[in-house]
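Protein chains in written order, with my numbering: chain U, 5 to 133; chain Y, 5 to 133; chain C, 5 to 133; chain B, 5 to 133; chain H, 5 to 133; chain G, 5 to 133. Worksheet for the structure shown next.
Right, here's the structure in full:
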């Protein structure tokens with residue numbers, strides 16, 4: 005059962021970023037190794053794998069939330085990439101981030117857009133859409 | 005030109021909630037009457053009317069942001085209704101709010117779901133989907 | 005395995021508030037029934053049941069975080085009660101909340117203390133410590 | 005020396021709201037009586053009494069911060085009144101709150117303006133400017 | 005009409021930072037070019053150009069809000085400079101930031117003051133007040 | 005009296021970090037010298053020196069709050085060190101930070117854990133526990 009959740013979570017996480025789970029596991033290995041497993045099982049396995057919403061819409065929800073919170077730059081970077089990996093276009097993401105100016109203020113939108121610019125340039129360098 | 009922005013904003017706002025603009029205008033009439041017009045023109049006319057994203061996706065972005073911020077209950081109420089008015093289902097919104105437990109914490113998700121429950125009951129009473 | 009997590013979570017949750025799980029289940033039944041189970045399994049079963057920290061210290065951590073966030077009054081109410089149920093004293097909780105004035109500002113501390121006052125009065129009425 | 009800080013703080017606090025200190029003392033009496041004194045001495049005596057900024061400007065800074073934080077309604081209510089008591093006009097406060105739409109988002113500005121509307125009506129009922 | 009808002013916004017923005025609009029335009033050119041114009045028209049043209057509050061007071065409101073939010077360092081840097089450019093003194097800004105320790109907590113005040121120190125040093129190097 | 009508060013604050017602050025007060029004084033010397041003294045007197049002397057809670061519990065409360073706020077990295081770094089200096093173990097701190105995933109979201113917990121990893125490595129290099 006646990007194994008199912010973990011595998012399902014891993015599969016979902018890898019669709020967002022092929023090497024994401026490995027990077028997360030490595031980053032947490034020394035300080036909180038169990039958290040890696042809990043995140044894969046709960047966040048990716050229980051929640052993000054649910055069939056009620058397509059991955060693209062889920063990523064738009066996450067990108068919006070992280071932009072509004074404004075204090076989760078590494079995660080916003082991950083999810084901007086993830087959103088593009090599951091089918092969003094750069095133009096769609098820019099629309100979402102611009103819209104955040106209305107709800108979370110102009111600074112929140114600008115800082116997310118500056119990060120998006122970096123993400124887009126990194127992807128250009130890798131030949132990614 | 006201004007008139008175009010205002011009319012376009014009004015049209016977009018009314019698709020989210022037919023009586024929304026009138027209620028906002030009444031609420032701001034005495035304290036900040038000009039802000040009503042700026043919100044219709046900028047938020048609804050400039051941003052939410054842009055063609056790059058469909059209204060349903062825009063509302064999911066907004067609902068996610070307001071849930072994550074956690075301090076905008078009246079606006080979350082408005083946008084849960086708006087999301088349903090432009091075609092989201094209750095099940096989809098519940099998925100979005102559940103997902104916020106991962107990114108903004110369990111309390112943020114729970115408080116948004118408690119509000120959604122109220123919104124759904126109010127809509128039941130009015131015979132709305 | 006899942007069953008183990010659920011039962012462990014339920015046991016941990018009931019130590020914090022005997023009727024807490026039932027109330028949560030009822031509150032989520034109509035809008036997001038699965039989330040109830042995920043919260044019991046992940047929050048209470050995976051995290052709060054971990055042996056590395058005693059329940060009293062865990063509640064102090066939670067009360068501090070919720071006070072600092074400032075937008076999770078229902079959850080702060082639950083955890084002020086939970087902290088007292090697992091052995092904190094009212095005086096200790098007041099110390100924690102006062103301390104938040106330094107880190108999250110005077111308003112955050114005051115609003116949490118006003119809520120604590122209500123919680124203490126409710127417990128007086130029930131003859132609880 | 006302490007006595008000086010307390011008296012200076014009390015004097016500054018009373019200029020903002022004649023009965024403010026008494027209300028605060030009463031509210032904290034049972035849960036955190038010492039915090040009352042620390043707030044009068046530190047917040048009002050050490051900081052708000054400093055000569056480097058006039059009371060009106062200080063209140064505008066506070067009102068802006070509380071509006072942006074969005075989770076301190078009782079304190080925003082106090083400081084909207086305080087701002088008017090030390091010489092701000094309602095129109096000036098409305099300008100400040102409108103401006104917050106740019107920096108903290110439209111919901112933060114709207115919720116502060118709805119509160120300002122209540123404050124203004126309460127003051128009308130008391131014949132205050 | 006649009007042209008009037010844009011020109012008025014540009015004029016107001018340039019009083020805060022002569023090269024500010026050009027830098028913003030360049031930063032957004034590739035990711036969200038329209039947002040540049042919306043910010044000039046709405047934030048600077050509609051709101052910050054309103055006659056009801058002098059530019060110095062407006063900047064104090066903005067600096068306070070950004071300090072309290074704590075997640076908008078680039079914008080706080082801009083507005084600390086802008087405040088000085090429209091007539092605030094460094095001592096006044098330090099008063100405002102110190103005051104934020106009361107309302108948003110000591111960390112928020114400290115981080116804003118560390119940034120202010122950098123801004124002041126950069127201005128020293130340029131021979132600016 | 006003031007002198008008592010200052011000395012008591014200094015003593016408490018030095019238990020958390022021997023050189024902490026000197027570093028804070030130096031950092032604020034040019035921008036807000038008085039704030040250094042107010043922080044020592046109020047934060048460390050009035051609040052953190054209170055006998056009602058042991059230093060280890062106080063640091064856990066602070067670390068939790070700063071993790072939840074998510075925008076106070078320099079202060080979280082200080083208090084992770086302080087917590088270890090007054091007797092917490094790295095494992096206990098990791099538990100606290102993991103727990104924040106539940107209340108403040110996975111990103112807040114991850115970013116605090118990434119910082120903790122850096123702090124632990126710095127302490128390894130200095131031969132500290």
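Virtual Cβ for every residue (Gly too), placed ideally from N, Cα, C.
Less than 8 angstroms separates the beta-carbon of residue 72 (chain C) from that of residue 104 (chain C).
In the structure shown, the three-state DSSP call for residue 35 (chain Y) is coil. Along the length of the stretch 62 to 121 of chain C, whole alpha helix (DSSP H) runs at least 4 residues long occupy 77 to 89 and 94 to 108, reported in chain order.
Residue 122 (chain U) is outside the set of residues whose beta carbon lies under 8 angstroms from a beta carbon in chain G. Interface residue (Cβ-Cβ distance to chain Y less than 8 angstroms): residue 75 (chain B) is classified as such. Secondary structure at residue 60 (chain B): helix, using DSSP grouped into helix, strand and coil.
Scanning U:7, U:6, U:21 and U:12 for the CA closest to the CA of residue 79 (chain U) turns up U:21. Around residue 116 (chain B), no beta-carbon contact reaches into chain H at under 8 angstroms, the shortest distance being about 11 angstroms.
Relative to residue 11 (chain B), the option among B:32, B:48 and B:31 whose CA is nearest is B:48. Put simply, the stretch 90 to 102 of chain Y touches the stretch 35 to 47 of chain C. At least three CB pairs are less than 8 angstroms apart. Between residue 86 (chain U) and the set U:113, U:124 and U:107, the nearest pair of CA atoms involves U:124. Spanning the alpha carbons of residue 127 (chain G) and residue 89 (chain Y) requires a straight line of approximately 56 angstroms. Taking 8 angstroms as the CB threshold, residue 43 (chain U) lines the interface with chain G.
By alpha-carbon distance to residue 76 (chain G), the top candidate from H:57, H:52, H:116 and H:94 is H:116. Close to residue 78 (chain G), with beta-carbon spacing below 8 angstroms, are these residues of chain H in chain order: 111, 114, 115 and 118. Taking a beta-carbon distance threshold of 8 angstroms, residue 87 (chain Y) does not count as an interface residue toward chain G. Taking the Cα of residue 132 (chain C) as reference, the smallest distance to any Cα among C:94, C:114 and C:98 is reached at C:94. Residue 7 (chain H) sits exposed, since fewer than 16 C-beta atoms from the chains shown fall within 10 Å of its C-beta. Looking at the backbone, the Cα of residue 35 (chain U) and that of residue 24 (chain H) are separated by about 43 angstroms. Annotation: residue 106 (chain U) has no Cβ neighbours in chain G at a cutoff of 8 angstroms; minimum Cβ distance is about 22 angstroms.
Of the residues assessed, residue 91 (chain U) falls on the exposed side of the cut-off, its CB having fewer than 16 other CB atoms within 10 angstroms. Residue 58 (chain H) is classed as exposed because its beta carbon has fewer than 16 other beta carbons within 10 Å across all chains shown. Relative to the Cα of residue 119 (chain U), the nearest Cα in the group U:60, U:83 and U:63 belongs to U:83. The continuous stretches of alpha helix (DSSP H) do not include residue 22 (chain G), and DSSP gives it neither H nor E. With contacts defined as CB atoms closer than 8 angstroms, residue 16 (chain Y) and residue 52 (chain Y) qualify as a contacting pair. Spatial neighbours of residue 63 (chain H) in its own chain (CB-CB distance under 7 angstroms, excluding positions within 5 residues in sequence) are listed in chain order as 83, 86, 87, 90 and 92. Separation of residue 30 (chain Y) and residue 9 (chain Y) (C-alpha to C-alpha, rounded to the nearest whole angstrom) is 20 angstroms. Residue 96 (chain H) counts as buried, since at least 16 other C-beta atoms from the protein chains shown sit within 10 angstroms of its C-beta.
The alpha carbon of residue 46 (chain G) has as its nearest neighbour, out of C:106, C:111 and C:112, the alpha carbon of C:106. Contact annotation for residue 129 (chain H) against chain B: no contact, minimum CB-CB distance about 25 angstroms [criterion: below 8 angstroms]. Taking C-alpha positions only, residue 38 (chain G) is separated from residue 98 (chain U) by approximately 44 angstroms. DSSP, reduced to helix, strand and coil, places residue 127 (chain B) within a helical segment of the structure shown. At a cut-off of 8 angstroms between beta-carbon atoms, residue 46 (chain C) makes contact with chain U. For the C-beta of residue 32 (chain H), the chain U residues within less than 7 angstroms are, from N- to C-terminus, 117. Contact check for residue 109 (chain H) against residue 108 (chain C) passes: the beta carbons are separated by less than 8 angstroms. Rounded to whole angstroms, residue 130 (chain G) and residue 50 (chain C) show a C-alpha spacing of 34 angstroms.
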